[in-house]
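One structure is given here, and the rest of the page talks about it.
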Amino acid sequence: QAKHEGRNRYRVFESDMKSQVEETMALEVELRRAYEIMDFSLHFQPKYDMKTGSIVGAEALIRWRAGERDVSPAIFIPIAEETGLINGIGRWVFETTCIQVRKWSLDYNLPPGFRVSVNMSVQQLQDPDLIELLKQAVVSSRVDPNLLEVEITESLFLERTEVNMENLASIRELGTGIAIDDFGTGYSSMAYLAQLPFTVLKIDKTFVDDVHLPQGSAIISAVVALSNGLGVEVIAEGVETEAQANRLLQLGCVHAQGFFYSRPLAIDQFEALMESGFRLPSSQRLGS
Ligand code: C2E
Ligand code: MG
Ligand code: MG
Ligand code: MG
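Structure representation (structure tokens):
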């Protein structure tokens with residue numbers, strides 16, 4: 007009986023694996039087709055100062071609608087990375103963001119320090135042409151590069167190469183910020199981190215999820231202290247509840263991003279926020 011069940015389970019497992027591989031292959035074909043015409047869009051998730059309730063920036067997040075369904079970037083970005091499509095996609099993301107931010111800088115009174123970030127994959131950072139591409143996008147859109155920031159996931163810094171460091175330094179020379187994304191999940195050594203020319207630490211959602219626990223609070227406090235010591239900004243990502251927001255503020259983390267404040271927004275929705283003075287609705291403002 008047990009043996010019989012075991013064999014069935016094995017068959018189910020095998021057919022699951024097969025369909026998963028087939029699905030990934032089908033998705034790759036669809037992705038290549040979308041890539042031909044850059045059939046993607048960007049959403050923008052606002053970043054908030056929790057003390058004042060004001061928007062301090064936004065993160066550009068790529069969206070892909072494949073036929074009737076939205077495919078998450080968590081699914082298709084890894085495929086783009088494996089197939090080499092990521093360089094072209096990443097370039098499109100950067101150029102499109104430059105054009106958008108330039109337009110916003112003309113249409114709105116952007117608050118001081120306002121920046122829009124884009125995510126960058128390891129392949130992009132290792133591309134020797136990266137800086138030329140970034141400069142071209144900045145020049146042709148006429149965007150102020152000080153309004154931009156790139157987000158690089160911490161785990162990437164384990165792969166330390168020359169191009170990597172040179173590209174990072176050149177990005178800073180442009181005036182563009184560098185955020186270490188998913189901070190705390192990549193096991194980088196402190197000594198190594200301190201050598202990187204970054205301007206922002208983004209505390210990963212997993213720590214925000216645990217902020218109500220003593221260990222979670224201790225980690226947040228430590229990262230806040232580290233940021234203050236290094237003279238860089240700190241922001242918490244994945245803030246989903248008012249309790250988390252309040253606790254983060256108590257611990258000295260003032261900037262945050264997450265569903266409690268806002269989901270990633272389509273362009274017209276984000277513009278509506280800017281029109282209402284870069285402010286949260288008063289019902290959502292903490293401690294005021
Ligand atoms: P990430 O850069 O860490 O972005 C944060 C992700 O968390 C986004 O998912 C965002 O929608 C989601 N998020 C924000 N607030 C909350 C919250 O309160 N709760 C929860 N559960 N989730 C929240 P998204 O847009 O699906 O992107 C997933 C990942 O895909 C990103 O993680 C990033 O690594 C990658 N990605 C997205 N856009 C791009 C891009 O243009 N280029 C590259 N290379 N990667 C991208
Ligand atoms: Mg990010
Ligand atoms: Mg992140
Ligand atoms: Mg993340």
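The sequence shown maps to residues 7 to 294 in the working numbering.
Heads up, the beta-carbon is just placed ideally off N, CA and C, and yes, glycines get one too.
Burial state of residue 81 is exposed, judged by a 10 Å Cβ sphere holding fewer than 16 other Cβ atoms. The Cβ-Cβ distance between residue 268 and residue 185 does not fall below 7 Å. Straight-line spacing of the CA atoms in residue 137 and residue 52 works out to 26 Å.
Put simply, the stretch 197-207 touches the stretch 170-185. At least three CB pairs are less than 8 Å apart. Rounded to the nearest whole angstrom, the CA to CA distance from residue 62 to residue 150 is 16 Å. A residue is called buried once 16 or more other Cβ atoms fall within 10 Å of its Cβ, and residue 78, having fewer, is exposed. The Cβ atoms of residue 75 and residue 139 lie no closer than 7 Å to each other. Ligand 1 has no heavy atom closer than 6 Å to the beta-carbon of residue 195. Going by beta carbons, residue 246 and residue 276 fall outside the 7 Å limit.
Exposed is the label assigned to residue 43, since fewer than 16 other Cβ atoms lie within 10 Å of its Cβ. The set of residues with a C-beta under 6 Å from any non-hydrogen atom of ligand 3 comprises 187, 188, 208, 243, given in chain order.
Restricting attention to beta strand (DSSP E) runs no shorter than 3 residues, the stretch 79-112 encloses none. Look at residue 125: its beta carbon is less than 6 Å from one of the heavy atoms in ligand 1. Around the beta carbon of residue 264, 16 or more other beta carbons lie within 10 angstroms, which makes this residue buried.
Of all alpha-carbon atoms in 208, 95, 177, 101, the one lying nearest the alpha-carbon of residue 129 is that of 95. Less than 7 Å separates the beta-carbon of residue 190 from that of residue 213.
The beta strand (DSSP E) runs of length 3 or more contained entirely in the stretch 118-157 are, from start to end of the chain, 121-126. Annotation for residue 87 indicates a beta carbon at 6 Å or more from all heavy atoms of ligand 2.
Secondary structure note for residue 61: its beta strand (DSSP E) is the uninterrupted segment 60-72. Considering only 222, 32, 54, 73, the residue with the shortest C-alpha distance to residue 290 is 54.
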